[in-house]
């Protein structure tokens, strides 16, 4: 385990895992909640997320950009963009809105032109795979080629299987056992 990954796990365990009764975006009930925004927007932790996610995706060939459905993916994409630039990678970042804008250029995917480019769809934590798949749907409309889905924390609730059943590689940096939740 890299030092960055070990540090990231400790920050998530101490600052982003909450115990109690929670309803997830999917509507499912859970006895814990991993609130990744508590760490992904923290100046100490965002660089670690970028480093760990770079290590996770660096061997995927030809990737031009990273991003995903707003808002969970936004700070992850920014961290990857910045840490990647520091390491000499040229990943751009993009944001996928939940719906196309009803003004301006009416775009659903913001950022660089992605037609014909390979992209990694990011997610902070994945339960059902719904957010990455919604992002993929929008990305395909603009002509992006999906190289895979990469999540910081996989809740082990079927997202991996759903994403892979749709034909996309699935990469997870941290799982429930790493967080002492398995």
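In our numbering, the protein residues as written are 36 to 217. The beta-carbon is built from N, C-alpha and C at its ideal position, and this holds for glycine as well.
For residue 43 and residue 84, believed in contact at Cβ under 8 Å, the rounded distance: 6 Å
Enumerate in chain order the residues of its own chain whose CB-to-CB distance from residue 86 is below 6 Å, with the five nearest sequence positions on each side excluded. 39 and 118
Restricting to Cα atoms, I'd like to know which of 70, 81, 185 and 76 is closest to residue 223. Lying outside 36 to 217, the shown extent of the chain, residue 223 is not represented and no answer is given.
On the CB-based measure, 16 or more other CB atoms within 10 Å of its CB, does residue 217 come out buried or exposed? exposed
Backbone secondary structure at residue 100 - three-state DSSP: strand
Nearest by alpha-carbon distance to residue 91: which of 205, 121, 213 and 212 is it? 205
C-alpha distance - residue 154 paired with residue 169, whole-angstrom precision: 14 Å
Name the one or two DSSP bridge partners that residue 160 has. 188
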